[in-house]
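Enquirer: Just so you know, the protein sequences line up as chains E and A, in that order.
Each residue of the first sequence is one higher than the one before, starting from 6 at the first, in my numbering.
Each residue of the second sequence is one higher than the one before, starting from 3 at the first, in my numbering.
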Amino acid sequence: AQKVTQAQTEISVVEKEDVTLDCVYETRDTTYYLFWYKQPPSGELVFLIRRNSFDEQNEISGRYSWNFQKSTSSFNFTITASQVVDSAVYFCALSRNQFYFGTGTSLTVIP
Amino acid sequence: NAGVTQTPKFQVLKTGQSMTLQCAQDMNHNSMYWYRQDPGMGLRLIYYSASEGTTDKGEVPNGYNVSRLNKREFSLRLESAAPSQTSVYFCASSDRAEKLFFGSGTQLSVL
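#1: What is the rounded straight-line gap between the Cα of A/Gln109 and the Cα of A/Leu71?
#2: Counting only Cβ pairs nearer than 9 Å, list the residues of chain E close to A/Leu47.
#3: Once the 5 residues before and after A/Asp58 are set aside, which same chain residues still bring their CB inside 8 Å of it?
#4: Taking the alpha carbon of A/Thr9 as the reference point, which residue from A/Leu15, A/Leu45, A/Thr22 and A/Lys16 has its own alpha carbon closest?
#5: Compute the Euclidean distance between the alpha carbons of A/Glu2 and E/Val19, then round it to the nearest angstrom.
#6: I'd like to confirm the pairing. Which residues does DSSP put opposite E/Val9 in its beta bridges?
#7: Which residues in the same chain have their Cβ closer than 7 Å to the Cβ of E/Val29, if we skip the five residues on either side of it in sequence?
#8: Using a Cβ cut-off of 7 Å, pull out every chain A residue sitting near E/Leu50, in sequence order please.
#9: Would the beta-carbon of A/Gly42 fall within 8 Å of that of E/Glu49?
#10: With 7 Å as the C-beta to C-beta threshold (strictly closer), list the residues of the stretch 34–59 of chain E near chain A in chain order.
#11: Ignore the nearest five residues each way along the sequence and tell me which others in A/Met34's own chain have a CB closer than 6 Å to its CB.
#12: Does DSSP put A/Asp40 in a helix, a strand or coil?
#13: Report the neighbours of A/Tyr66 on chain E: residues whose CB is nearer than 9 Å to its CB, in chain order.
#14: Note down, in chain order, every chain A residue with its Cβ under 9 Å from the Cβ of E/Phe2.
#15: Residues in its own chain within less than 7 Å of E/Ser17 by CB, not counting five upstream and five downstream?
#16: Using DSSP with H/G/I as helix, E/B as strand and the rest coil, what is A/Gln24?
#17: CA-CA distance, E/Tyr69 and E/Pro45?
#18: One question on the structure: do A/Gln39 and A/Ser89 come within less than 8 Å of each other, judged by their Cβ atoms?
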């Protein structure tokens, strides 16, 4: 069975602080994809990143970085120098033949 | 590019009424999905269609029916709406489970 756990329900940080959103997944498959999606207050779901299970290289995109560790089944997302525009709900997901989503982490960045 | 288009954006129903949510994608994707989003529960899969002519139940199918009309269109029908079906509904499409593309969502209230 596939499962994605985002234990942090809500996080609040002050602008310019760094914040890490945790994602732990369960799967018996060796081939799968991991994703992060952002849902801003406007409600749409925005794709942020996809990693396949064979690529454990960390990735950085501007202020965003992702740490994929198969040994701990984690795919954590760090925002450096957070901004108010980062306030959103963030979903981690795993796909094999279907997509499995975590329950989301609501991030509030306080100015 | 239109991507995934779903209608309507908002709907209010009375208990027992029926309605159909429409979804169309123009990316030639084989797979299409319907999710519902409720506070604290993330995105839960209602039904999906791996290819034209096939549909399968997801995690929460009770009270819903779907039709994969053709490769582009995948509709979700509530035959007799209940207050428990008040939610935000998202249609999505993908190719080989490599990335989900979402519609903008439908906010449904059942009174």
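The beta-carbon is built from N, C-alpha and C at its ideal position, and this holds for glycine as well.
Expert: Once the coordinates are examined:
#1: Your numbering for residue 109 of chain A matches position 107 in the second sequence. Your numbering for residue 71 of chain A matches position 69 in the second sequence. Each residue's alpha carbon lies about 23 Å from the other.
#2: On the second sequence, position 45 is the one that residue 47 of chain A refers to. The answer, in chain order, is Gln103, Phe104, Tyr105 and Phe106.
#3: Along the second sequence, read from residue 1 onward, the residue named residue 58 of chain A stands at position 56. Once the five neighbours on either side are set aside, the close Cβ partners of A/Asp58 are Tyr49, Tyr50, Ser51 and Ala52.
#4: Locating residue 9 of chain A in the second sequence gives position 7, counting from the first residue. For the residues A/Leu15, A/Leu45, A/Thr22 and A/Lys16, the minimum Cα distance to A/Thr9 belongs to A/Thr22.
#5: Outside the displayed range of chain A (3 to 113) lies residue 2 of chain A, so it cannot be described from this structure.
#6: Sequence index remark: in the first sequence, residue 9 of chain E carries index 4 (1-based). Bridge partners of E/Val9: E/Tyr30.
#7: By one-based count along the first sequence, residue 29 of chain E stands at place 24. These residues qualify, in order along the chain: Thr10, Ser78 and Ser79.
#8: As a working note, residue 50 of chain E is residue 45 in the first sequence. Result: Phe92 and Phe104.
#9: Here residue 42 of chain A corresponds to residue number 40 of the second sequence, with the count starting at 1. Here residue 49 of chain E corresponds to residue number 44 of the first sequence, with the count starting at 1. Cβ distance not < 8 Å, so A/Gly42 and E/Glu49 don't count as in contact.
#10: Tyr38, Gly48, Glu49, Leu50, Phe52 and Arg55
#11: Counting from 1 along the second sequence, the entry for residue 34 of chain A is found at position 32. Taken in chain order, the residues that qualify are Ser51, Phe76 and Ser95.
#12: The residue you call residue 40 of chain A lines up with position 38 of the second sequence. Reduced to three states, the DSSP call for A/Asp40 is strand.
#13: Position 64 of the second sequence, counting from 1, holds the residue named residue 66 of chain A. Here the premise fails: no neighbours, minimum Cβ distance about 17 Å.
#14: What the structure shows of chain E is the stretch from 6 to 116, and residue 2 of chain E is not part of that stretch, so it cannot be assessed.
#15: In the first sequence, the residue the question calls residue 17 of chain E occupies position 12. If we look at E/Ser17 and ignore the five residues flanking it on each side, its Cβ neighbours are Thr113 and Ile115.
#16: Taking the second sequence and counting its residues from 1, the one referred to as residue 24 of chain A is at position 22. Strand, per DSSP.
#17: Residue mapping note: residue 69 of chain E aligns to position 64 of the first sequence, counting from 1. Residue mapping note: residue 45 of chain E aligns to position 40 of the first sequence, counting from 1. C-alpha separation (whole angstroms): 16 Å.
#18: Taking the second sequence and counting its residues from 1, one reaches residue 39 of chain A at position 37. Taking the second sequence and counting its residues from 1, one reaches residue 89 of chain A at position 87. In contact: A/Gln39 and A/Ser89 (Cβ atoms closer than 8 Å).
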